[in-house]
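Report on one structure; see the data block that follows.
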């Protein structure tokens, strides 16, 4: 197994095998993040492709102030948000769509929770995933999304409230 420093050096030297290794090491986790944000398999694949193009293009700018995985995750999140804005301008959800998920209480708890999270409106879902799942601070979310800290906090509040409502209907 190649260590992270050697992998970064190989990618900076445009070594295709190092790039392939880096992609294989991080692609599954990054796809999961992209899918959770976009709610769309095709769009998540586009995010992954575009994000890794950026990773390889800007790997020389990586200052190693964080782990490589954290740096790639930031690129994936920003790419996902950018593609959502381009692809789904003006797209909104309403609660009737959430209730039409076709989920019955017999499903595993985690499956239902995942579907409930994915049913959240884009802003709620993105902030919820960044703060509660990925561990970003409200300041980080503010910087990533170009919103105020107060907006980040209120989006998280409303996301949690909606999730409680959805989950209380089943459990």
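Numbering (our numbering), first residue to last: 2 to 172.
The C-beta atom is built at its ideal place from N, Cα and C for all residues, glycine as well.
Cβ distance (whole Å) where residue 117 is taken to contact residue 167 below 8 Å = Between residue 167 and residue 117 the Cβ distance is about 5 Å, and since that is below 8 Å, they are a contact.
(message) In whole angstroms, give me the CA-to-CA distance for residue 10 and residue 62.
(response) The alpha-carbon atoms of residue 10 and residue 62 are separated by roughly 12 Å.
Quiz item: So, are the CB atoms of residue 35 and residue 56 less than 8 Å apart?
Solution: no
*asked:* Helix, strand or coil for residue 43? Go by DSSP, reduced to three states.
replied: helix
How long is the line joining the alpha carbons of residue 160 and residue 41, rounded to whole angstroms? 19 Å
*Compare the beta carbon distance of residue 135 and residue 74 with 8 Å and say whether it is the shorter of the two.*
In terms of Cβ geometry, residue 135 and residue 74 form a close pair [threshold 8 Å].
Specify the secondary structure class of residue 2 as computed by DSSP and reduced to three states.
-> coil
What three-state label does DSSP hand residue 7 in the structure shown?
helix
Taking just the CA atoms, how far does residue 14 sit from residue 8? 10 Å
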